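Novice: Heads up, the sequence shown is in our numbering, so the first residue is 21 and it goes up one at a time.
All C-beta atoms in this analysis are idealised placements derived from N, C-alpha and C, irrespective of residue type, glycine included.
Predicted, not measured: the structure shown is a model, and the values here were computed from it.
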Amino acid sequence: MRRRPIFDIERKILLPFLLLGIVSTAIFGVILYDTSRSTKLAKERNLAENNIALMEFDIDYSVRMGQVQQLREKYRELPQFHILIEDRDGAFIGGTPVGTGEVLYSSSDNRLGWKISYTVDPQVFTTELLHEQKYTVLAIIAQLILVLQASILIADNISTPIRRLSYACRTVSEQPQEPWDVDVEFTKRGDELGQLARAFQGMLRNLQRYTADLRREKNLNQTIVESLPLAVIAYDQDQNILLSNSRAQNLLAKTEYRHEGKPLSALLEECLENQKVFYDPIQLTDEENHRLDVELGVWRLMDENQKSWGVLCTVDDITYRKLMEEQAVQDEKLIYTGKLAAELAHEIRNPLAGIRVGVQVVERHVTQENDRVLCETIVGEVDRINLLVENLCSLGRKRELKKDLIPVDELFGEILLLYSKIAENSHIHLRCEVPKDILLYADKSAMKQVLINLINNSIKAMKSGGEILMRADMREDRVCLWIIDDGPGMAAERPGGENRDGGMGLSIVSQLLRQNDAAFHMESAPGQGTKAKITFRR
Numbered sequence: 021m022r023r024r025p026i027f028d029i030e031r032k033i034l035l036p037f038l039l040l041g042i043v044s045t046a047i048f049g050v051i052l053y054d055t056s057r058s059t060k061l062a063k064e065r066n067l068a069e070n071n072i073a074l075m076e077f078d079i080d081y082s083v084r085m086g087q088v089q090q091l092r093e094k095y096r097e098l099p100q101f102h103i104l105i106e107d108r109d110g111a112f113i114g115g116t117p118v119g120t121g122e123v124l125y126s127s128s129d130n131r132l133g134w135k136i137s138y139t140v141d142p143q144v145f146t147t148e149l150l151h152e153q154k155y156t157v158l159a160i161i162a163q164l165i166l167v168l169q170a171s172i173l174i175a176d177n178i179s180t181p182i183r184r185l186s187y188a189c190r191t192v193s194e195q196p197q198e199p200w201d202v203d204v205e206f207t208k209r210g211d212e213l214g215q216l217a218r219a220f221q222g223m224l225r226n227l228q229r230y231t232a233d234l235r236r237e238k239n240l241n242q243t244i245v246e247s248l249p250l251a252v253i254a255y256d257q258d259q260n261i262l263l264s265n266s267r268a269q270n271l272l273a274k275t276e277y278r279h280e281g282k283p284l285s286a287l288l289e290e291c292l293e294n295q296k297v298f299y300d301p302i303q304l305t306d307e308e309n310h311r312l313d314v315e316l317g318v319w320r321l322m323d324e325n326q327k328s329w330g331v332l333c334t335v336d337d338i339t340y341r342k343l344m345e346e347q348a349v350q351d352e353k354l355i356y357t358g359k360l361a362a363e364l365a366h367e368i369r370n371p372l373a374g375i376r377v378g379v380q381v382v383e384r385h386v387t388q389e390n391d392r393v394l395c396e397t398i399v400g401e402v403d404r405i406n407l408l409v410e411n412l413c414s415l416g417r418k419r420e421l422k423k424d425l426i427p428v429d430e431l432f433g434e435i436l437l438l439y440s441k442i443a444e445n446s447h448i449h450l451r452c453e454v455p456k457d458i459l460l461y462a463d464k465s466a467m468k469q470v471l472i473n474l475i476n477n478s479i480k481a482m483k484s485g486g487e488i489l490m491r492a493d494m495r496e497d498r499v500c501l502w503i504i505d506d507g508p509g510m511a512a513e514r515p516g517g518e519n520r521d522g523g524m525g526l527s528i529v530s531q532l533l534r535q536n537d538a539a540f541h542m543e544s545a546p547g548q549g550t551k552a553k554i555t556f557r558r
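Here is the structure:
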């Protein structure tokens, strides 16, 4: 809580008014008191002169009548009230004792030369004076109270609007986002404070309008930056981060991905310090050899005077695009292979049909069991070659896809229903793990064929049984499907090449996935099983 200053605006206004009122009232009281005292003293002096004149007349009369002794006796019994009588030698005759009051008037103009003095007790005089002026004192006190009240009202009338405006300024400075307005009673005043209040209210409304516009523009800019498909990072001259969107924060947090031993943040700092520009895409990898391909962009930020005040860096995650480009190259090879395979397939199918028919005709005429088994074996091999030819024809045909949103759990359920019995007969446990809220945008028939081919390959490879897991998960802006088995594995990774049994099943899988904008990756090692990973953009 802020302490109130000792001399705030109200006291600074109140004290001069109050001091002026007290001083003027005090001066008026002093003048009034001095006038009353002088008037009372003049009355007392006039009374003294009259009383002493009468006494001197009485003394002169008594001397003419020869009654001096009786005169002494008479004034010896004089009450002690204001009159002091002394003889020529200063001896006390009667009246007020010597030293009990101040002499106001004295005279010795009589035949005996007696000194007659009129004395006044200062304390009694002042008490009587105050008693006579009690209503005047009350008026002065009332005047002081009125001066005090008027000073308070004047100070409050001036200081309250100023204090209110000061509080408004402090509140707006500390909390500019809070709504604030000036009281109507101040804006309706006709003096300078009213003009100040109205001007401040206009400034406050303009400030609130400008603040609202700035807030909307800030939110719009933040929304635009946050919605960009790029990672955006703005630095000042001291390489401090001023702004970054969530994509940039996610990429900078992947410190396990490095290029020549440096994470992405170090590469950006190198760009800023050495003004180095990476014109080609950069590939970062982690310890498991997972890749992250990025393109960096650097722009200088200039003010209106064309002076640099910062740097804007953009980072584009092109990992998926690079994978698609690499697979496009492989796809071109497969297209050529498919065309060649289709041409060969058409040429091979007719001789195969003739051979199959010929062997079946010969089989009817053989009598030996060994010959009959040999004929059946030849027919089986011809059928297997025909299946390979069908696969070659599939490589050469480009089917029209019908893409739609596919719930992954339903897709896995259909595959599980088709292959659960086949897997059980081969002593293989087939199961799936998939959340219910994952969707794919792809051709359902093509995806079923892909999964069937992958599961067929796993079942053929697992001669001694085992487990096959179908799994799906979401990672940032990717959806990943996994076919994982614990079979014997392969000697090397084969992302889109030959099947384990020498066929072209994986080539068909790769082709169908590329047509559905998906990436295909396989990991396998002898004795460690095989993982087939299919990646879709969300």
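If you follow the beta strand (DSSP E) that Leu-124 is part of, which residue opens it and which one closes it?
Specialist: 122 to 127
Novice: Decide if Cys-189 is buried, meaning its Cβ has at least 16 other Cβ atoms within 10 Å, or exposed.
Specialist: That one is exposed.
Novice: Evaluate Ile-244 with the Cβ neighbour count: other Cβ atoms within 10 Å of its Cβ, from every protein chain shown; 16 or more gives buried, anything less gives exposed.
Specialist: exposed
Novice: Whole angstroms are fine: how far does the CA of Leu-288 sit from the CA of Ser-465?
Specialist: 45 angstroms
Novice: Can you find at least 3 beta carbon pairs, one from the region 424 to 433 and one from the region 451 to 470, that sit closer than 8 angstroms?
Specialist: Touching, yes, given that three or more Cβ pairs across the two stretches are closer than 8 angstroms.
Novice: Can you name the residues that DSSP bridges to Leu-316?
Specialist: Val-335
Novice: According to the neighbour-count rule (16 or more other Cβ atoms, all chains shown, within 10 Å of its Cβ), is Trp-134 buried or exposed?
Specialist: So Trp-134 counts as buried.
Novice: State whether the region 113 to 125 contacts the region 74 to 88, with contact taken as three or more CB pairs (one from each stretch) at a distance under 8 angstroms.
Specialist: no
Novice: Using 9 angstroms as the threshold, is the C-beta distance between Tyr-138 and Ala-62 below it?
Specialist: Against a cut-off of 9 angstroms, the Cβ pair of Ala-62 and Tyr-138 comes out as no contact.
Novice: From what residue to what residue does the alpha helix (DSSP H) around Arg-267 run?
Specialist: Element bounds for Arg-267: 266 to 273.
Novice: Just mark Glu-106 as buried or exposed, buried being the case when its beta carbon has 16 or more other beta carbons within 10 Å.
Specialist: Looking at its Cβ environment, which holds 16 or more other Cβ atoms inside 10 Å, Glu-106 is buried.
Novice: For Asp-258, which of Asp-505, Glu-496 and Trp-329 has the nearest alpha-carbon?
Specialist: Trp-329
Novice: Since Ala-481 is in the alpha helix (DSSP H), which residue starts that stretch and which ends it?
Specialist: 464 to 481
Novice: Give me whichever residues DSSP pairs with Cys-452 in a beta bridge.
Specialist: Met-490
Novice: Given this structure, state the Cα-to-Cα distance separating Thr-387 from Arg-369, to the nearest angstrom.
Specialist: 29 angstroms
Novice: Indicate, with yes or no, if the ligand ADP has a heavy atom lying under 8 angstroms from the CB of Ala-232.
Specialist: This structure does not include the ligand ADP; it has no bound ligands of any sort.
Novice: Hey, would you say Pro-9 sits closer than 9 angstroms to Asp-336, going by beta carbons?
Specialist: Absent from the structure is residue 9, since the part of the chain shown begins at 21 and ends at 558.
Novice: CB Ser-478 to CB Thr-550, shorter than 9 angstroms?
Specialist: yes
Novice: Identify the residues that DSSP records as bridge partners of Ile-105: which are they?
Specialist: DSSP output for Ile-105 lists Gly-114 and Ile-136 as bridge partner(s).
Novice: Nearest-angstrom Cα distance between Glu-237 and Tyr-230?
Specialist: 10 angstroms
Novice: So, at 7 angstroms on beta carbons, what are the nonlocal neighbours of Arg-514 in its own chain, with the 5 sequence-adjacent residues on each side left out?
Specialist: Bear in mind that a pLDDT of 43 at Arg-514, under 50, signals an unreliable position, so the number given afterwards is only what the model happens to contain. For Arg-514, where only same-chain residues beyond five positions count, the Cβ hits under 7 angstroms are Leu-526 and Met-542.
Novice: If I follow the unbroken beta strand (DSSP E) through Ala-552, where does it start and stop?
Specialist: 550 to 557
Novice: Determine which residues share a DSSP beta bridge with Leu-91 and list them.
Specialist: Beta-bridge pairing links Leu-91 to no other residue.
Novice: Assuming Asp-424 is part of the beta strand (DSSP E), what are its boundary residues?
Specialist: Start and end: 423 to 427.
Novice: Can you tell me where the alpha helix (DSSP H) holding Glu-148 begins and where it ends?
Specialist: 142 to 152
Novice: Could you pull out every residue in the same chain whose Cβ sits closer than 7 angstroms to the Cβ of Phe-112, ignoring the five residues on either side in sequence?
Specialist: In its chain, beyond the 5 residues on either side, Glu-106 and Val-118 have a beta carbon closer than 7 angstroms to the beta carbon of Phe-112.
Novice: Tell me the rounded alpha-carbon separation between Asn-265 and Met-467.
Specialist: 35 angstroms
Novice: Just to confirm before moving on: does the CB-CB distance between Leu-263 and Ala-251 stay below 9 angstroms?
Specialist: Contact: no.
Novice: Do three or more CB pairs link the region 149 to 156 to the region 93 to 102 at distances below 8 angstroms?
Specialist: Too few Cβ pairs lie closer than 8 angstroms, so no.
Novice: Under DSSP, the beta strand (DSSP E) around Glu-543 begins and ends at which residues?
Specialist: 538 to 544
Novice: From Leu-459, Asp-463 and Met-510, pick the residue whose C-alpha is nearest to that of Asp-493; which is it?
Specialist: Leu-459
Novice: Just curious, the beta strand (DSSP E) that Leu-304 is in, first and last residue?
Specialist: Secondary structure note for Leu-304: its beta strand (DSSP E) is the uninterrupted segment 302 to 305.
Novice: Pull up the distance between the alpha-carbon of Leu-104 and that of Val-50, whole angstroms please.
Specialist: Distance between the alpha carbons of Leu-104 and Val-50 is about 32 angstroms.
Novice: Using the Cβ count rule (16 or more neighbours within 10 Å means buried), how would you classify Gly-222?
Specialist: With fewer than 16 Cβ atoms within 10 Å of its Cβ, Gly-222 is classed as exposed.
Novice: Go to Leu-292, then tell me how far its alpha helix (DSSP H) extends in each direction, as first and last residue.
Specialist: 284 to 294
Novice: Given that a residue counts as buried once 16 or more other Cβ atoms are within 10 Å of its Cβ, and exposed if not, what is Met-322?
Specialist: exposed
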